[in-house]
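Protein chains in written order, with this note's numbering: chain F, 1 to 351; chain Z, 352 to 702.
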DNA sequence: CTGAAAGCGCTTACAG
DNA sequence: CTGAAAGCGCTTACAG
């Protein structure tokens with residue numbers, strides 16, 4: 001450990017500058033309230049002592065930590081990292097610090113994290129998803145701070161929400177494949193019988209399935225295998241399962257571009273032509289989906305924007321002046337967009 | 352905002368349980384010190400009031416926050432997210448919370464973040480890289496807490512270090528391509544004349560170049576273009592520049608698998624055979640490199656392990672009992688491994 | 001095994 | 001424009 005020099009306190013600064021602690025505090029918080037000469041003297045003392053204000057003490061005193069808790073499933077191989085970055089970016093000018101927790105798609109872990117985070121007294125909680133354990137729901141309701149559920153459109157929001165309808169994403173995907181004339185249509189998702197559940201992926205599958213049913217098609221080619229979070233391997237694996245079950249499948253929707261890329265690579269390895277033999281589409285508009293050869297048809301959502309919009313919403317809600325009154329709960333739908341690229345094509349023989 | 356119920360304090364709990372605050376504190380911190388009957392009464396009161404201890408107050412009082420600051424270039428399209436996850440995982444049992452900052456590969460931003468983070472009084476700082484601004488170096492030296500520089504092997508470490516030699520990685524890459532019989536060898540890196548600098552990528556290029564020189568080869572095919580952080584687009588772009596400059600190039604090393612994948616896709620689009628026309632290798636052993644067709648030869652580093660090892664080291668150093676004495680600074684080299692896969696092959700006509 | 005006192009380093013709310 | 005007092009909710013260090 002490097003040599004520890006005793007940390008200067010506000011008291012030390014005030015003595016050196018010949019003022020009270022309050023004046024030092026004011027110079028830091030609201031410099032205009034202090035006369036120029038005093039301010040300069042205090043600044044000099046701060047500089048001289050390399051004084052760094054202790055925000056732990058400040059937080060206790062002011063009952064505001066400027067911490068925002070962000071609870072996300074994972075940061076690897078997902079666009080939640082973009083959401084986190086967007087949120088951090090939006091909150092930075094106001095000097096908020098993110099407290100990130102990973103649930104690994106486990107609701108019990110989410111509950112544990114919420115409990116632990118509340119002890120840090122965050123000024124707000126951002127949480128991915130709209131389904132939580134009973135205890136988690138209650139803790140958030142009682143917390144007395146703004147809550148933002150993101151990445152979906154909750155039916156019964158706890159408070160605010162910023163996201164899009166995963167169900168509608170699934171429907172849009174199925175409608176696209178149907179419109180191309182495909183009839184033997186499958187999908188690739190992850191297991192729902194494990195502790196780790198991708199609930200939003202499941203919503204997309206549900207929307208997808210609903211369209212298949214309405215079109216009088218079977219949903220038996222909707223594969224749920226492999227554990228969340230999905231991966232390139234997941235796509236390769238589940239495509240293999242699908243092909244074994246139905247070699248004649250014409251079109252496939254993967255719940256994530258990551259899976260779609262894995263499936264595409266598996267097709268390359270097996271000599272299956274995409275498109276032609278198989279139409280393939282994903283979700284998320286990951287960079288890799290755009291760069292793949294062929295580029296993958298996907299449903300674009302702006303993960304960073306979800307973070308940014310959430311940050312802007314919170315900035316507004318947490319603003320001291322407006323915080324007096326309970327701000328009305330906002331529900332922002334950022335929507336999504338079908339991006340047609342090279343992996344989907346009309347069916348060879350439309351019936 | 353959900354209805355705010357006034358938060359119970361330790362004082363409330365103590366009154367309800369008919370004990371002193373100290374006893375409540377003990378039940379939470381070291382239950383064995385309290386008699387069973389008292390403990391049960393306190394637990395019941397905690398439950399009844401939904402009491403959540405205030406760690407802001409606890410931190411101020413104990414002079415320990417259980418925060419670890421992790422300063423990383425970016426979390427997107429990189430394996431720093433794995434390092435963060437590994438670190439978080441390792442520290443979780445001891446109830447540490449990560450405070451993550453993104454520098455976007457800018458040293459001035461790193462300095463700003465360090466300054467801001469120090470006000471949060473973290474118990475340790477983990478920072479990617481070994482080059483910092485003068486002010487940043489001084490702040491870390493004076494902070495009086497353990498510092499761990501990760502992802503490289505510093506010549507003059509501030510304190511602890513956990514990483515591998517990027518320079519040696521570059522050398523290993525060049526030696527591999529030379530051993531295959533290639534002579535017209537290039538590399539793909541990012542610009543060094545911008546604010547955002549990938550210094551570790553540059554170290555890899557430096558090692559790579561040193562081998563080329565030793566072999567009597569030119570380093571004019573070492574391309575530095577595009578801004579850090581690298582991306583799939585970066586790989587496609589820089590490969591295009593390289594091909595324009597030297598259509599006869601035989602082998603290429605990209606400073607990141609992400610770039611290598613982008614370059615590979617660009618080759619697919621241009622009808623360049625990999626390997627055959629061009630040997631290609633990357634760095635990092637990203638999932639996508641393994642799944643690509645063909646799979647990309649790379650230099651494997653275990654990003655998650657860097658995080659885990661760092662966490663274990665910190666747990667040891669931060670241990671109360673040993674913290675008395677200054678723990679000797681540790682320098683852990685986690686090494687790396689060349690993984691030969693499908694994108695590199697012997698030169699067609701070895702000279 | 002339990003508790004009373006002091007204090008961590010700030011900010012709030014007044015007062016002048 | 002500046003300051004004295006009180007207090008935020010815990011833990012430390014004693015004492016018994």
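Just so you know, even glycine gets a beta-carbon here, dropped at the ideal spot from N, CA and C.
Open item on the list: Between the alpha carbons of residue 641 of chain Z and residue 254 of chain F, how many angstroms are there, rounded?
Closed with: So the alpha carbons of these two residues sit roughly 20 Å apart.
Open item on the list: List, in chain order, every chain F residue whose beta-carbon is nearer than 8 Å to that of residue 616 of chain Z.
Closed with: 291, 292 and 293
TODO: Taking only beta-carbon positions, decide if residue 75 of chain F is within less than 8 Å of chain Z.
DONE: yes
TODO: Determine the extent of the alpha helix (DSSP H) in which residue 47 of chain F is found, giving its start and end residues.
DONE: 36-49
Task: Three-state secondary structure assigned by DSSP to residue 189 of chain F - done: Correct three-state label for residue 189 of chain F: strand.
Task: Members of the region 361-395 of chain Z that neighbour chain F once the beta carbon cut-off is set at 8 Å - done: none
Task: Whole-angstrom distance between residue 529 of chain Z and residue 104 of chain F, CA atom to CA atom - done: 43 Å
TODO: Starting from residue 85 of chain F, trace the alpha helix (DSSP H) both ways and give me its first and last residue.
DONE: 80-91
Task: Burial state of residue 319 of chain F (16 or more Cβ within 10 Å) - done: exposed
Open item on the list: Mapping the DSSP letters down to three states, classify residue 11 of chain F as helix, strand or coil.
Closed with: helix
Task: Backbone secondary structure at residue 279 of chain F - three-state DSSP - done: Secondary structure of residue 279 of chain F (DSSP, three-state): strand.
- [ ] Hey, could you find the ends of the beta strand (DSSP E) residue 452 of chain Z is sitting in?
- [x] 448-453
- [ ] Give the DSSP-derived three-state secondary structure of residue 694 of chain Z in the structure shown.
- [x] DSSP places residue 694 of chain Z in coil when its eight states are reduced to three.
Open item on the list: At the 8 Å Cβ level, is residue 416 of chain Z part of the contact set with chain F, yes or no?
Closed with: Yes, residue 416 of chain Z lies at the interface with chain F (some Cβ there is under 8 Å from its Cβ).
Task: Host beta strand (DSSP E) of residue 69 of chain F (start-end) - done: 67-72
- [ ] Would you please state the rounded distance, in angstroms, between the beta carbons of residue 153 of chain F and residue 161 of chain F? I believe it to be under 8 Å.
- [x] 6 Å
Task: Close Cβ partners of residue 685 of chain Z (< 8 Å) along its chain, the five nearest in sequence each way excluded - done: 513, 514, 515, 652, 653, 656, 657 and 660
Open item on the list: Using a 10 Å radius around the Cβ and a threshold of 16 neighbouring Cβ atoms, would you call residue 10 of chain F buried or exposed?
Closed with: buried
Open item on the list: Between residue 67 of chain F and residue 123 of chain F, how many whole angstroms is the CB-CB distance? I'm expecting something under 8 Å.
Closed with: 6 Å
Task: Pairwise C-alpha distance: residue 441 of chain Z and residue 385 of chain Z - done: 30 Å
Task: DSSP beta-bridge partners of residue 182 of chain F - done: Looking at the DSSP assignment, residue 182 of chain F forms no beta bridge with any residue, so it has no partner.
Open item on the list: For a contact defined as C-beta to C-beta under 7 Å, what are the partners of residue 456 of chain Z on chain F?
Closed with: Here the premise fails: no neighbours, minimum Cβ distance about 13 Å.
TODO: Alpha carbon to alpha carbon, how far is residue 286 of chain F from residue 78 of chain F? Give it in angstroms, no decimals.
DONE: The C-alpha of residue 78 of chain F lies about 8 Å from the C-alpha of residue 286 of chain F.
TODO: Could you check the C-alpha separation between residue 132 of chain F and residue 398 of chain Z for me, to the nearest Å?
DONE: 20 Å
Open item on the list: Less than 8 Å between C-beta atoms, sequence neighbours within five positions excluded: which residues of the same chain meet that for residue 564 of chain Z?
Closed with: 570
Open item on the list: I'd like to confirm the pairing. Which residues does DSSP put opposite residue 160 of chain F in its beta bridges?
Closed with: Looking at the DSSP output, residue 160 of chain F shares a beta bridge with F:148.
Open item on the list: DSSP three-state label for residue 208 of chain F, please.
Closed with: helix
- [ ] Give a yes or no on whether 8 Å exceeds the smallest Cβ distance from residue 85 of chain F to chain Z.
- [x] yes
- [ ] Compare the beta carbon distance of residue 634 of chain Z and residue 499 of chain Z with 8 Å and say whether it is the shorter of the two.
- [x] Contact: no.
TODO: Let me know the secondary structure DSSP gives residue 651 of chain Z once reduced to three states.
DONE: strand
Open item on the list: What would DSSP say about residue 155 of chain F, mapped onto helix, strand or coil?
Closed with: Coil, per DSSP.
TODO: Between the Cα of residue 407 of chain Z and those of Z:401, Z:415 and Z:400, spot the shortest distance and give me the residue it belongs to.
DONE: Z:415
TODO: Grab me the residues of residue 496 of chain Z's own chain with a C-beta within less than 8 Å of its C-beta, minus the 5 sequence neighbours each way, in chain order.
DONE: 473, 474, 475 and 476
TODO: For residue 619 of chain Z, return the contacting residues in chain F, with the cut-off set at a CB-CB distance below 8 Å.
DONE: Under the 8 Å cutoff, chain F gives 293.
TODO: Just tell me which of F:26, F:49 and F:221 has its CA closest to the CA of residue 39 of chain F.
DONE: With distances taken between CA atoms, residue 39 of chain F lies nearest to F:26 out of F:26, F:49 and F:221.
Open item on the list: Rounded to whole angstroms, what is the Cα-Cα separation between residue 350 of chain F and residue 266 of chain F?
Closed with: The pLDDT assigned to residue 350 of chain F is 45, lower than 50, so where the model puts this residue is not dependable; a value taken from the coordinates is nonetheless given after this. Near 26 Å, if we compare the C-alpha coordinates of residue 266 of chain F and residue 350 of chain F.
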